[in-house]
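A short worksheet on the structure shown next.
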Amino acid sequence: MNDASLHSVPGSPSTGSRGSYRGRLAPSPTGLLHIGHARTFWIAAQRAIENRGTLIVRNEDLDPQRSRPEFARAMIEDLRWLGICWSEGPDCGGPYGPYAQSGRRAHYLEAWRRLRGGGFLYPCTCSRKDLALAASAPNDADNDDEPVYPGTCRERKHAAEFAEPAGVNWRFRVPEGEVVEFADLNLGRQRHVAGSDFGDFLVWRRDDVPAYQLAVVVDDAAMRITEIVRGADLLKSTARQLLLMRALGYADREHAAPDYFHCELVRDAAGARLAKRHDALSIRHLRESGLTAEKVLEMAGWP
Ligand code: GLU
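One point on numbering: in numbering that gives the first Met the number 0, the residue at position 97 of the sequence shown is 96, and numbering is uninterrupted.
So, in structure tokens, the structure goes:
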């Protein structure tokens, strides 16, 4: 079922050079969690335990059109049923709340203002198709990452005329040709070239919804996350987010950029990546069909 054998969590525990370990699970309530999530989230939970750290759950209900409260409830229940424990989250609160993105708009707006003021953004009036892509995390492992933006609106200079982001799409101008590198704790050194591996990406949608890339960077910094465990489908997004962090001045902070641990993806027998649309492989469905949490984790590649 899975494309990698997983018998222990590779990578040595992160040392506490930046303070104690803080990891997060950041599911979007746009469908039921599936065994791909079980794998990534279980690894995240184990890494938090190994590092004697704190685990946080963040409800990424950013997109009001796609997020549903019943999925948010289901994801909390399914994570608990799997045996994952966290100490900060939408269900239990904590010092860096709220832990649902729908309640964090003021933080995103402040970041948008900072980026716009620093000359990093431009308003874009291109295609509506981009809108749908922007609020969800792009998944590039199967080449369905967003296409590189051709730069049509790049030279627009009237960003300062906007007091609020609504009404137009906002893009981050990537430093053309810059190599973004990071050492992934699981997959090793990663290298992406801005402008060719990915282009100017959306940070705020015309319909006034902040984009995934912006929200996640703002929240990870605000919640003092020291290590991000996520699927390998988000490697390019990590490169984008490193650029955003630098532009926002987060890289200068004591907490600096987090460490990254990208997990191999779970694939079906035909080699296709699992997505939420595979309802039969949802944790919920497997549980209702009588499987134990151990069995579900085994299907997800856990020993
Ligand atoms: N909400 C995003 C997703 O479900 C989170 C990805 C991440 O930043 O880890 O894909």
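Glycine included, every Cβ here is placed at the ideal spot set by N, Cα and C.
query                                                                                                                                                                                     : result
Does the Cβ of residue 227 lie closer than 7 Å to at least one heavy atom of the ligand GLU?                                                                                              : yes
Cα separation between residue 210 and residue 293?                                                                                                                                        : 35 Å
Give the list of continuous beta strand (DSSP E) stretches no shorter than 3 residues that lie fully inside the stretch 242 to 298.                                                       : 258 to 262
Along the chain, where does the beta strand (DSSP E) that runs through residue 147 open and close?                                                                                        : No beta strand (DSSP E) holds residue 147; DSSP gives it neither H nor E.
Do three or more CB pairs link the stretch 89 to 105 to the stretch 166 to 176 at distances below 8 Å?                                                                                    : no
Thinking C-beta only, is residue 282 closer than 8 Å to residue 31?                                                                                                                       : yes
Kindly indicate which residue of 269, 243 and 291 has the alpha-carbon position closest to the one of residue 179.                                                                        : 243
Just to confirm, does residue 27 get its C-beta within under 7 Å of one of the non-hydrogen atoms of the ligand GLU?                                                                      : yes
Identify whether residue 193 lies in helix, strand or coil by the three-state DSSP scheme.                                                                                                : strand
Once the 5 residues before and after residue 136 are set aside, which same chain residues still bring their CB inside 7 Å of it?                                                          : 211, 233 and 236
Might you give, ordered along the chain, the residues of its own chain that have their beta carbon closer than 7 Å to the beta carbon of residue 228, omitting 5 neighbours on each side? : 22, 39, 42, 43, 46, 260 and 262
So, residue 240 versus residue 202, is the Cβ gap smaller than 8 Å?                                                                                                                       : no
Which one of 118, 104 and 183 has the shortest CA to CA distance from residue 157?                                                                                                        : 118
Assuming the contact rule is C-beta atoms closer than 8 Å, residue 61 and residue 208 should be a hit. Round their C-beta distance to whole Å, please.                                    : 7 Å
Suppose the cutoff is 8 Å on Cβ atoms and the five residues either side in sequence are ignored; what does the same chain contact list for residue 275 look like?                         : In this prediction, residue 275 has a pLDDT of 47, which is less than 50 and means its spatial position is unreliable; nothing more can be read from the coordinates.
Tell whether a beta-carbon distance below 8 Å holds between residue 245 and residue 200.                                                                                                  : no
Quickly, what does DSSP pair residue 84 with across the bridge? List them, please.                                                                                                        : In DSSP, residue 84 forms no bridge with anything.
Quick check: is any heavy atom of the ligand GLU less than 7 Å from the C-beta of residue 215?                                                                                            : yes
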